[in-house]
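*Asks:* Throughout the sequence shown, residue numbering follows the numbering used here, covering 24 to 156 in sequence. Even for Gly, the Cβ is constructed at its ideal location relative to N, Cα and C. Keep in mind it's a predicted model, so treat the numbers as computed, not measured.
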Amino acid sequence: MSEIRIPAERRYAAELAALAADDKAARPTGWKLSPRAVETYVMGADRPVGGVPITAKYVGDRSLVQVATATLASDRALMLVGEPDTARSWLSEHLSAAISGDSTRIVQCTAGTTSPARSWRAARRSPSRTGPW
């Protein structure tokens, strides 16, 4: 079966590798990139890093990405809330790809679920999800 969409960590592998090779800043335990490099990956860079152009994946407010990254770096949970079609899933996929190298490690709840807690538990048991749950 062919993939509908290539996961971010594969599609942008060259960008992630260039950022990791150039990244000299401290990284939180288990992170593939430093918080600053995560921000650069998500928001893009004005000039190439290690000869590789870093494209913008999110064109919203930079401070939102900074707060989200700082929240995750402090080992707290992050919940993105907002109107439909405001790139919450897209942003979470790219944050996960840059931080853990695996964008499938996200859990989502939608308006169609009757209980976020039930959806969270179901996602934790799902064999399609990977992670330290």
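Suppose you measure from the CA of L175 to the CA of T94; what does that come to, to the nearest Å?
*Replies:* Since the first and last residues shown for the chain are 24 and 156, residue 175 lies out of range.
*Asks:* Please return the same chain residues whose Cβ sits closer than 6 Å to the Cβ of I129, not counting the five positions on each side in sequence.
*Replies:* If the five residues before and after I129 are omitted, its C-beta is found closer than 6 Å to the C-beta atoms of S115 and S119, all from its own chain and listed in chain order.
*Asks:* So, under 8 Å CB-CB, V72 and L42 are touching, yes? Tell me the CB distance rounded to an integer number of Å.
*Replies:* 6 Å
*Asks:* Determine the contact status of A49 and S57, defining contact as a CB-CB distance below 8 Å.
*Replies:* Yes, Cβ-Cβ distance for A49 and S57 is below 8 Å.
*Asks:* Determine the closest residue to V88 out of E106, T63, S97 and A100, with distance taken between C-alpha atoms.
*Replies:* T63
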